[in-house]
Structures are given as structure tokens and as C-alpha cells.
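Protein chains: 2
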Amino acid sequence: MDENEKLELCESECIHEDIVRFVQAKLQPAGDYEELANLLKLFGDPTRVKLLHALEQHEMCVCDLAALLGVTKSAVSHQLKLLRMSNLVKSRRKGQNVFYNLADDHVRQIIDKGFEHLWE
Amino acid sequence: MDENEKLELCESECIHEDIVRFVQAKLQPAGDYEELANLLKLFGDPTRVKLLHALEQHEMCVCDLAALLGVTKSAVSHQLKLLRMSNLVKSRRKGQNVFYNLADDHVRQIIDKGFEHLWE
DNA sequence: TTAATAGTTGAACAACTGCTCAACTACTCA
DNA sequence: TGAGTAGTTGAGCAGTTGTTCAACTATTAA
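Same order as they appear, the protein sequences are chains A and B.
Residue numbering for the first sequence follows my numbering, beginning at 1 and increasing consecutively.
Residue numbering for the second sequence follows my numbering, beginning at 1001 and increasing consecutively.
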């Protein structure tokens, strides 16, 4: 179903067609919102967002993070895997430890904007 | 259980205590991460993030959004309620229509950072 | 006042998510 | 090599979430 069909099939009749078409033209392809949601979803869990904020402060190994967050190493490792798959964190092994770091500065920026919204 | 107890009770023994305490001191109170996660969670659904990105382009009524997203007015209204409760959107009634707008610029900034991360 | 359209709400359900547990691999040191 | 610690993984589950449906309220126009 293309975008025009969606407009026609809609249950409603109050649609401001000119505006809807204007906005439609500015939106990204549907798949982009899927990807974006899958990325931003990772910030939507208290454990994960605390974990990310912690890694903003200093690189840490899985044990450190588990202690800091008060959850098992397994739980941390599961979350880190998701974050790694979305390129939010990167890891480096040093002996028995695997140290985790933020992959780039976007994490910090998103978390900062979130806190700004809450605090302002 | 305070933060020191968490450290002591942890199953692991490899903890880098100095680093963990250093990071601990920089973290926010636990409740802040709950709030932050509840906020950012709203960006973690394709329908909602598309809706927000659409409102970035122009204010729209519920019918317009339903047509644009290809979902029912009910679904849109449920989502808008969540977004309103978190001060991400605001509404104004004009006759039979209720027009929705972004409440401030944080939405745009968070979505932009998300797309940046995906595209860079 | 009545009919019509816009929008909201609560219940119910299917799909998803984050945790724990147990079993596994990886590395180190004696 | 073998024991010990760090980390990963998959299954299973309890709790959560996004949608639809049906019933409701709000506003307008005749």
C-alpha cells in the first residue's frame, strides 16, 4: 500500500490533505523509523541507560558494571551485547577482563538532551 | 541497600574498586535513570518516533496523523497521550480538531542525534 | 435538539523484553 | 595440564507494551 492509498483508506474524513502531503514529502522511508526506534529503544531501560551513563565516566569491565548496577554479570553481558550490536559501545579484552567503552559521542549527546528535557 | 553494600555483595571479585567508586560518585540518583528511561522509551517505537518526526515538520490533528501513519485514530490518540504526559507534545483545540505540536526542541535534537548515529 | 464528525478512554490480547539460571568458552597462573 | 576467575550464551518466565474494539465525550451545523 503506498502513501496515497493510506490517505484514501483512512477511516477519517477531516484530513488536511495539503498538510499531510507536505509532511509526507519530508519524512524518511519507513525502514528508517524502524531502525531509529530500534536504536533509541536501547535508551529506554533504566539499567541500560545507567550503564551507558556510567561508561560515559570511565571504561569498565563487566564485573565493575555488575557491581555498580547491582545486577548479575549475565544481565550486564546481555545488555552489552545489544549495545555492541548497535555500535553504542565497543569492547577490548585485556587479559581476563573485557573493558567496555562508549563507541562514539552520540550516546552522551542523547542522554544529555534527555536529562535537559527532564530538568528544564 | 546502599551502594557500598552492592559492591560487597556482588558475586564477582575482579572489581576495580577505585574506578567503580569514582564512577559511582558521578552518577545521578537511581530515580533519575528511571525517569530518563521512561522518557527515552517514548522514542523507541517506530509509530511514535515517526509521529514525532512528522510533528517536527508541521502541526497536525489526530486524523492527519492517523492517515499519515496508516493506523487508527485510537492508536494515535493513545500514543499522543503518552507523549503529552511526558511534555514532548502539546495540543490546542480548534473547533472539532485538536492540533498537536512538539512541546520543545529536545525531540528534534534527540531524533537528529539518533539519525546521525545511524548514518555516520 | 439532533445528527454527524473528532477525539479519548479502558479492557483485552498478542507480541516483546529483561531478568535469572545453568551451561558453556576464554584467559591466566601455578 | 588443570583449577579458578571473567565473560558469554540460550532457554524460560514474569512483566510490559502497542494495537484493536467498543463505548464514551466534545464540538459543530442544521
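Beta carbons are placed, not taken as given, at the ideal position from N, Cα and C, and that holds for glycine.
query, result
"Beta-ladder partner(s) of SER1091 (chain B), from DSSP", "B:TYR1100"
"Positions along the region 1072-1097 of chain B whose CB lies within less than 9 Å of some CB in chain A", "THR1072, LYS1073, SER1086, ASN1087, LEU1088, GLN1096, ASN1097"
"Partners in chain B for PRO46 (chain A), counting only beta-carbon separations shorter than 7 Å", "TYR1033, GLU1034, ALA1037"
"Beta-carbon proximity of LEU27 (chain A) to VAL1049 (chain B), cut-off 9 Å", "no"
"Neighbourhood of THR1072 (chain B) by C-beta, 7 Å cutoff - its chain only, sequence neighbours within 5 removed", "ALA1066"
"For ASN38 (chain A), the three-state DSSP class (helix, strand or coil)", "helix"
"Supposed close pair PHE121 (chain A), LEU1036 (chain B) - CB separation, criterion 8 Å", "Nothing in the structure corresponds to residue 121 (chain A), since chain A is present only between 1 and 120."
"Local Cβ density within 10 Å of GLU8 (chain A), reported as buried at 16 or more and exposed below that", "The pLDDT assigned to GLU8 (chain A) is 46, lower than 50, so where the model puts this residue is not dependable; a value taken from the coordinates is nonetheless given after this. Counting Cβ neighbours within 10 Å, GLU8 (chain A) comes out exposed, since fewer than 16 surround it."
"Nonlocal neighbours in the same chain, by C-beta distance under 7 Å from GLU1003 (chain B), ignoring five residues either side", "For GLU1003 (chain B), the pLDDT reaches just 45, beneath the cut-off of 50, and the residue's location in the model is therefore unreliable, leaving the point undetermined."
"Euclidean distance between Cα positions of LEU83 (chain A) and TYR1100 (chain B)", "33 Å"
"Separation of PRO1046 (chain B) from ASN38 (chain A), as counted between CA atoms", "8 Å"
"Collapsed DSSP secondary structure at CYS61 (chain A) in the structure displayed", "strand"
"C-alpha distance - VAL1076 (chain B) paired with MET1060 (chain B), whole-angstrom precision", "12 Å"
"Close Cβ partners of ALA54 (chain A) (< 8 Å) along its chain, the five nearest in sequence each way excluded", "MET60, LEU65, LEU68, LEU69"
"Within-9 Å CB hit, LEU1102 (chain B) to chain A", "no"
"CB-CB length for HIS1058 (chain B) against ILE15 (chain A), believed under 8 Å", "Not really, about 13 Å apart at Cβ, beyond 8 Å."
"Sub-9 Å separation of HIS106 (chain A) and HIS1117 (chain B) beta-carbons", "yes"
"CB-CB length for GLU56 (chain A) against ARG108 (chain A), believed under 8 Å", "5 Å"
"Unbroken alpha helix (DSSP H) run spanning GLN1079 (chain B), endpoints", "1073-1085"
"LYS1094 (chain B), buried or exposed, once every other Cβ within 10 Å from all chains shown has been counted against 16", "exposed"
"Status (buried if at least 16 other CB within 10 Å, exposed otherwise) for LYS1081 (chain B)", "exposed"
"Exposure label - GLY44 (chain A); buried when at least 16 CB within 10 Å", "buried"
"Beta-carbon separation (whole angstroms), ILE111 (chain A) vs LEU52 (chain A), contact threshold 8 Å", "6 Å"
"Where the alpha helix (DSSP H) through ASP105 (chain A) begins and ends", "Here ASP105 (chain A) belongs to no alpha helix (DSSP H), and DSSP marks it neither H nor E."
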